[in-house]
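Worksheet: one structure, shown below.
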Amino acid sequence: MSLDKATVAKVANLARIKIEEKDLEPMAAELNNILGWVEQLGEVDTDNVEPMTSVAEMRLRWRADEVTDGGYVEDVVANAPGGEDGYFAVPKVIE
Amino acid sequence: MSDLTKLTIAAARDGLAKGDFSSRELTAAHITAMTASKPLNAYITETPEQAVDAATASDARRAKGEAGKLEGIPLAIKDLFCTKGVLTTAASHILDGFTPHYESTVTANLWGAGAVMLGKVNLDEFAMGSSNETSYYGNVVNPWRRDGDESALVPGGSSGGSASAVASFSAMGATGTDTGGSIRQPASFTGIVGMKPTYGRCSRWGVVAFASSLDQPGPMARTVRDIAIMLESMAGFDAKDSTSVNMPVPNFENALTGDIKGLRIGIPKEYRIDGLSDEIDALWQKGIDWLKDAGAEIVDISLPHTKYALPAYYIIAPAEASSNLARYDGVRFGLRVEGKDLNDMYASTRAEGFGDEVKRRLLIGTYALSAGYYDAYYLKAQKVRARIAEDFRQAYLNVDAILTPTAPSAAFGFGEKGDDPLEMYLNDVFTVPASLAGLPGISVPAGLSKEGLPLGLQLLGKPFDEETVFRVAGVLEEAAGFTAKPTDWWRG
Amino acid sequence: MGMIIQGATGDWEVVIGLEVHAQVTTKSKLFSGASAEYGADPNSQVSFVDAAMPGMLPVINEMAVEQAVRTGLGLNAKINKFSVFDRKNYFYADLPQGYQISQFLQPIVGEGKIIIDLKDGETREIGITRLHLEQDAGKSLHDQHPSQTFVDLNRSGVPLMEIVSEPDMRSPEEAAAYVKKLRSIVRYLGTCDGNMEEGSMRADVNVSVRKPGEAYGTRCEMKNINSVRFMQQAIIYEANRQVDILEAGGTVDQETRLYDPDKGETRSMRSKEEAHDYRYFPDPDLLPLEFDDAFIKRISETLPELPDDKKARFISELGLSAYDAGVLVTEKEVADYFEAVAEGRDAKLAANWVIGELFGNLNRTGKDLSESPVGANALGELIDLIKDGIISNRIAKEVFEEMFDTGKAAGNIVEEKGLKQVSDTGAIEAAIDAVIAANPDKVAEYRGGKDKLFGFFMGQVMKATQGKANPGVVTQILKPKLDQ
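Below, the structure is given as structure tokens:
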């Protein structure tokens, strides 16, 4: 599996990172270098092995259904680079 | 009065208790040291006024007989921990100006124990790096230099600022976070002690996330005892973190008995990697001998999937990061670069806000999770991870702890490993396997390289058995008798 | 009956599947302690977790889990004791984390079914594919500013159940019946308030067309429809659009379309056309969701009687018609009201009063049952007066109107207005005699075989007694007198 320029552009779009056209090719090379090295995982026999998504050997804890948080709009929007009247704001989205 | 910055946390604690000096005095000495350490660029944000206020309050508490376990001890905080009212950057341009309105659980625990914050220390951007060369706020410099050579060396990473601050005596201890070795490797590079606790021991709440299934906060200080003292205050169950384990926190200091007779120490043959330098190999052998001399039984063990840990890690961590870092979008906090529409704003903000290494990992991670590649990369890596964890489980049926080198080399110069990311990734070869398995690990300074640079040995333990790790580490530290200090060239 | 579109090339069948998003009834959000209540000031019900501030972590709300299991049980569905929360990754202004925590491969509830009620008492079974828990997104407001979209995160993190049906529906009516039935069930269960105006229930509608018996055609999805009427309109428009394309030799593109109720048409949502790749993976901030049989058992023991069972009981035990039973069970409040009225009384009579007079007056005044001035006990008292022969059915209707308008008790009205039924045979006989005497020609006609005129005499007698005469007694006396 090898990434071409178009795939890098697609992935960069999914990740919402702007990459200049001229940088696509070098980026593809860098990523292929890493992915090529990762290929060695194919040597490991993982038949009948469950993927390990968490190392914590415990059950998920549940929270009681109580209102214990929120109610501090000033704190929530304090760091926002845009917005007014308690709202966040982004460039107009046309649906 | 002698130089208070040279004290260990344990000694300072005793001195404060006896009234030999106040937290104000101790803190003032460290503020002076912090200011003098600017050439090291260890701190991103210094908070001397707040430190003085906190020290004053600490002295008042002590006067009332309300001293906590870290009462009056000045510490540096890795700038990945959110601190209420204090700029928190993750060393990234994208968090420009971000001032949290909340305090991370770990730092809140420290303040609750009486500790004093000196400032926020530098790191690799979003903790992604092994040399502290990826910070938006510039490189951190290692206080150590090669004998007869004035060229600057890296402090390791990602907790490089923490390591540099502690090694340069501008903080008595520091918080770090370890995802694949980010506490242990810089500890090794700077001649200090650093511990990654068991995953779930310290709360991740309020710590800027890199890779959620791997991230774990931990302490960095100059002695094993200091680490034990710090961890006891940092750790503990947190209902706000679903992966925090509800277990009592032992008195870790009590684990430092000095007695390891009959303990079985595993030596994994797979860590004897190709091209391991003779001096690292020799140091490892010394460590084995020290423990054997102290009465431990040395057992050769096998961790067969060790070599696959790094490639698995470099899929899993970026995959999680690609999702964790999606929230940096210019909407609610941090940097915003305007664009012609919403998506353009996102893409421009993230292009300008993230550095090259972060971008590289986000792209790898996005690709590894994308349709058609998920099974081949992410799922495969998580299965390999399961096999690595199983290796450890098997080994621990037979041994109590495992001894390995911490890093494959001593600290290196800036730009020496710049071109090929893979060369940099290899720094984590000995630390990553335990991260994938969620195990506790400590790096203890054990000797100097031929060039006069510190080298660390790593001890790994069973899940939630930090006590055995501390016990062995105490003996290792004692035997190594590492007393070397960097010359304080940065004071000019 | 399925909807058939007659095209030039033959008949087309419409195939519909629904994904209903139902807000889970809880006090707080799915993964944070902020309030899940509707309609607060912008961003006032937002925690740092909901705003996806750096370092914030999710912790699951136990009530959301319980409600999902309860709903699953109500849908006769398989409950999965092990399920997994995944992250669905995409960027949008009202999705602060850059991902939605949802359940992808392993949902909390698996296959189940719903019986939908159609015209004339007909029913059909619609398959449920799955039910999973997920977070709602925030809200984008596009009309507050000329160049900016405003974002309110109050809804961000509110718990939703996504209930996915099989593509089992064949007409807009069936889709409507499905939504109504699902709404009825979750309201009975108390797991969702079913309020479509406030967005507590909204549907993504998948529509395709095919020649009967052929494989499924390509489907289009219309998102976020929050009214049953709009949903039906959208299905009709969309099915016809697809038939037109296919009959013209074209192909239907699989896409997301927006239904515009003002124009009555669907249109392609080009902004969402970019290839989506959600990169689902298990959320590493959470562990798998697990519970045991005892947990399920505890919930199943608290399950209320659901509309289908209630309807069956009303028919078999109370002798109601299928139609009346169906009408009475749709809303739990109505069914409860009816049962209170029917308790110890003639159930059919009670049903007639609830469906006839009560509903009629509620409709007339635009009131909800909860606002009815006549409570179940008051209506019961009125029915008792009829049963005891104290007032006639006709008078009872007048009394009910009065009760409805004034809130007074039936007994008081009857007393005050002197509406008590006359059973005094002497008085009634006198009235009958007067009526017979006043209508000699009608009497002759009746005796000549025009039996139908009996009603006329009844009416005249009732009129003469201002409706207060006991109709039974009147009949008893009138009949022999006329037959003489």
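So the sequences go chain by chain: A, B and C.
My numbering applies: residue 1 is where the first sequence begins, and numbers increase by one.
My numbering applies: residue 1001 is where the second sequence begins, and numbers increase by one.
My numbering applies: residue 2001 is where the third sequence begins, and numbers increase by one.
Glycine included, every Cβ here is placed at the ideal spot set by N, Cα and C.
Note that the structure is predicted; figures quoted are calculated from it, not measured.
Original post:
Are the beta-carbon atoms belonging to B:M1234 and B:L1118 less than 8 Å from one another?
Top reply: Here residue 1234 of chain B refers to the residue found at position 234 when the second sequence is read from its first residue. Here residue 1118 of chain B refers to the residue found at position 118 when the second sequence is read from its first residue. Contact: no.
**OP:** Sort B:A1371, B:D1020, B:P1463 and B:N1041 by Cα distance to B:S961 and report the nearest one.
**Re:** Not covered by the structure: residue 961 of chain B. The range shown for chain B is 1001 to 1492.
Original post:
If you count every other CB in all the chains shown that lies within 10 Å of the CB of B:S1170, and 16 or more means buried, which is it?
Top reply: Here the question's residue 1170 of chain B lines up with position 170 in the second sequence. Buried, because 16 or more other Cβ atoms sit within 10 Å of the Cβ of B:S1170.
**OP:** Take every Cβ of the region 2113-2129 of chain C, pair it with every Cβ of the region 2046-2053 of chain C, and state whether three or more of those distances are shorter than 8 Å.
**Re:** When Cβ pairs closer than 8 Å are counted between the two stretches, the region 2113-2129 of chain C is seen not to touch the region 2046-2053 of chain C, the count staying below three.
Original post:
Taking the C-alpha atoms as reference points, what is the distance between B:G1191 and B:P1219?
Top reply: What you label residue 1191 of chain B is simply residue 191 of the second sequence in a count that begins at 1. What you label residue 1219 of chain B is simply residue 219 of the second sequence in a count that begins at 1. Computed Cα separation, rounded: 14 Å.
Original post:
Does the Cβ of C:Q2045 have 16 or more other Cβ atoms within 10 Å, making it buried, or fewer, making it exposed?
Top reply: The residue labelled residue 2045 of chain C in the question sits at position 45 within the third sequence. Label assigned to C:Q2045: buried.
Original post:
Considering only C-alpha positions, which residue in the set B:L1460, B:R1225 and B:E1357 is nearest to B:L1070?
Top reply: The residue labelled residue 1070 of chain B in the question sits at position 70 within the second sequence. Restricting attention to B:L1460, B:R1225 and B:E1357, the CA atom closest to the CA of B:L1070 is found in B:R1225.
**OP:** Name, please, each residue of chain A whose Cβ falls closer than 9 Å to the Cβ of C:L2286.
**Re:** As a first step, residue 2286 of chain C must be located in the third sequence, where it is residue number 286. Proximity of chain A to C:L2286 at the Cβ level (cut-off 9 Å) is accounted for by S54 and L60, in chain order.
Original post:
Hey, is B:D1341's beta-carbon within less than 8 Å of any beta-carbon in chain A?
Top reply: Along the second sequence, read from residue 1 onward, the residue named residue 1341 of chain B stands at position 341. For B:D1341, the answer is yes, since a Cβ of chain A falls inside 8 Å of its Cβ.
Original post:
Mind checking whether A:R63 and C:V2059 have CB atoms under 8 Å apart?
Top reply: Taking the first sequence and counting its residues from 1, one reaches residue 63 of chain A at position 63. Taking the third sequence and counting its residues from 1, one reaches residue 2059 of chain C at position 59. It is a contact, given that the beta carbons lie within the stated cut-off.
**OP:** Assess, as a yes-or-no matter, whether the region 1013-1027 of chain B is touched by the region 1058-1069 of chain B under the definition of 3 or more beta carbon pairs within less than 8 Å.
**Re:** With a cut-off of 8 Å, the region 1013-1027 of chain B and the region 1058-1069 of chain B count as touching, because enough Cβ pairs lie within range.
**OP:** Output yes if chain B places a C-beta closer than 8 Å to the C-beta of C:E2273; else output no.
**Re:** As a position in the third sequence, residue 2273 of chain C is number 273, starting the count at 1. For C:E2273, the pLDDT reaches just 45, beneath the cut-off of 50, and the residue's location in the model is therefore unreliable, although a value from the coordinates is still provided. With respect to chain B, the C-beta atom of C:E2273 has no partner C-beta closer than 8 Å.
**OP:** Output the boundary residues of the alpha helix (DSSP H) element that contains C:A2312.
**Re:** For the purposes of this step, residue 2312 of chain C is taken as residue 312 along the third sequence, with counting starting at 1. Element bounds for C:A2312: P2307 to S2316.
Subject >> Contacting residues, own chain, Cβ-Cβ under 7 Å from A:D4 (five flanking each side not counted) >> reply: Within the first sequence, the letter at position 4 stands for residue 4 of chain A. The beta carbon of A:D4 sits closer than 7 Å to the beta carbons of A28 from its chain, once the five residues preceding and following it are set aside; these are given in chain order.
Original post:
Shorter than 8 Å from the beta carbon of A:K112 to some beta carbon of chain C?
Top reply: Missing from the structure shown is residue 112 of chain A; chain A here goes from 1 to 95 and no further.
Original post:
Is it buried or exposed for A:S2, if we count other Cβ within 10 angstroms and need 16 for buried?
Top reply: Counting from 1 along the first sequence, the entry for residue 2 of chain A is found at position 2. By the neighbour-count rule (16 or more Cβ atoms within 10 Å), A:S2 is not buried but exposed.
Subject >> Cα-Cα separation, B:Y1396 to B:K1462 >> reply: Your numbering for residue 1396 of chain B matches position 396 in the second sequence. Your numbering for residue 1462 of chain B matches position 462 in the second sequence. In a straight line, the C-alpha of B:Y1396 is about 7 Å away from that of B:K1462.
Original post:
Does any C-beta atom of chain C lie closer than 8 Å to the C-beta of A:L24?
Top reply: Mapped onto the first sequence, residue 24 of chain A falls at position 24. The beta carbon of A:L24 does not come within 8 Å of any beta carbon belonging to chain C, so the residue lies off that interface.
**OP:** Let me know if B:E1338 comes out buried or exposed under the rule of 16 or more other beta-carbons within 10 Å of its beta-carbon.
**Re:** As a position in the second sequence, residue 1338 of chain B is number 338, starting the count at 1. With a threshold of 16 other beta carbon atoms within 10 Å, B:E1338 falls short and is exposed.
Subject >> Through-space distance from B:D1420 to B:S1135, alpha-carbon basis >> reply: Within the second sequence, the letter at position 135 stands for residue 1135 of chain B. Within the second sequence, the letter at position 420 stands for residue 1420 of chain B. It is roughly 18 Å from the alpha-carbon of B:S1135 to the alpha-carbon of B:D1420.
Subject >> Members of the region 2044-2064 of chain C near chain B, C-beta cut-off 9 Å >> reply: Flagged, chain order: F2048, V2049, A2051, A2052, M2053, P2054, G2055, M2056, L2057, P2058, V2059 and I2060.
**OP:** Starting from B:W1489, follow its DSSP beta bridges and name the residues at the other end.
**Re:** Mapped onto the second sequence, residue 1489 of chain B falls at position 489. Note: B:W1489 sits in no beta bridge, so no partner.
**OP:** Label C:Q2466 either buried or exposed according to how many other C-beta atoms from any shown protein chain fall within 10 Å of its C-beta, with 16 as the threshold for buried.
**Re:** The count along the third sequence starts at 1 and reaches residue 2466 of chain C at position 466. Flag for C:Q2466 reads exposed.
Subject >> Close beta carbons around B:R1336, own chain, < 8 Å, minus the five adjacent residues each side >> reply: Along the second sequence, read from residue 1 onward, the residue named residue 1336 of chain B stands at position 336. Contacts found: G1330, M1345 and T1349.
Subject >> Within chain C, partners of B:R1204 - CB distance below 7 Å >> reply: For this step, residue 1204 of chain B is matched to residue 204 along the second sequence. Those are L2057, listed as they occur along chain C.
Subject >> CA nearest to the CA of B:S1213, picked from B:T1223, B:T1179, B:M1195 and B:K1240 >> reply: Within the second sequence, the letter at position 213 stands for residue 1213 of chain B. With distances taken between CA atoms, B:S1213 lies nearest to B:T1179 out of B:T1223, B:T1179, B:M1195 and B:K1240.
Subject >> Own chain partners of C:G2033 with C-beta closer than 7 Å, once the 5 adjacent residues on each side are dropped >> reply: Walking along the third sequence from the start, residue 2033 of chain C turns up at place 33. Beyond the five residues adjoining it in sequence on each side, C:G2033 comes within less than 7 Å, by CB distance, of S2047 in the same chain, given in chain order.
Original post:
Looking at the structure shown, is C:Y2323 part of a helix, part of a strand, or coil, going by DSSP?
Top reply: Walking along the third sequence from the start, residue 2323 of chain C turns up at place 323. Shown here, C:Y2323 sits in a helix according to DSSP, grouped into three states.
Original post:
Nearest-angstrom Cα distance between C:D1990 and B:G1441?
Top reply: Limits of chain C in this structure are 2001 at one end and 2484 at the other, which puts residue 1990 of chain C out of reach.
Original post:
By a C-beta neighbour count over all protein chains shown, 10 Å radius and 16 as the cutoff for buried, is C:H2276 buried or exposed?
Top reply: Here the question's residue 2276 of chain C lines up with position 276 in the third sequence. Around the beta-carbon of C:H2276, fewer than 16 other beta-carbon atoms lie within 10 Å, marking it exposed.
Original post:
Beta-carbon of C:G2411 versus every beta-carbon of chain B: anything under 8 Å?
Top reply: For this step, residue 2411 of chain C is matched to residue 411 along the third sequence. Cβ-Cβ to chain B under 8 Å: no for C:G2411.
Original post:
Which ranges would you report for the beta strand (DSSP E) in the region 1031-1113 of chain B if only whole runs of at least 3 residues count?
Top reply: Listed in chain order, they are 1043-1046 and 1074-1078.
Subject >> Own chain, CB closer than 6 Å to B:A1296, minus 5 neighbours either side, in chain order >> reply: Working through the second sequence from its first residue, we reach residue 1296 of chain B at position 296. I1260, L1263 and I1265, listed in sequence order.
**OP:** Could you tell me how far apart the beta carbons of B:I1073 and B:A1028 are, in whole angstroms, since I believe they sit closer than 8 Å?
**Re:** The residue labelled residue 1073 of chain B in the question sits at position 73 within the second sequence. The residue labelled residue 1028 of chain B in the question sits at position 28 within the second sequence. The beta-carbon distance between B:I1073 and B:A1028, rounded to whole angstroms, is 14 Å. This is too long to meet the 8 Å contact definition.
Original post:
Just the Cα atoms here: how many angstroms apart are B:A1309 and C:E2162?
Top reply: The count along the second sequence starts at 1 and reaches residue 1309 of chain B at position 309. The count along the third sequence starts at 1 and reaches residue 2162 of chain C at position 162. If you take the alpha carbons of B:A1309 and C:E2162, they lie about 38 Å apart.
**OP:** Anything in chain B within Cβ reach of A:G82, meaning under 8 Å, just list it in chain order.
**Re:** Your numbering for residue 82 of chain A matches position 82 in the first sequence. Under a criterion of Cβ atoms nearer than 8 Å, the residues of chain B adjacent to A:G82 are, in order, V1331 and R1336.
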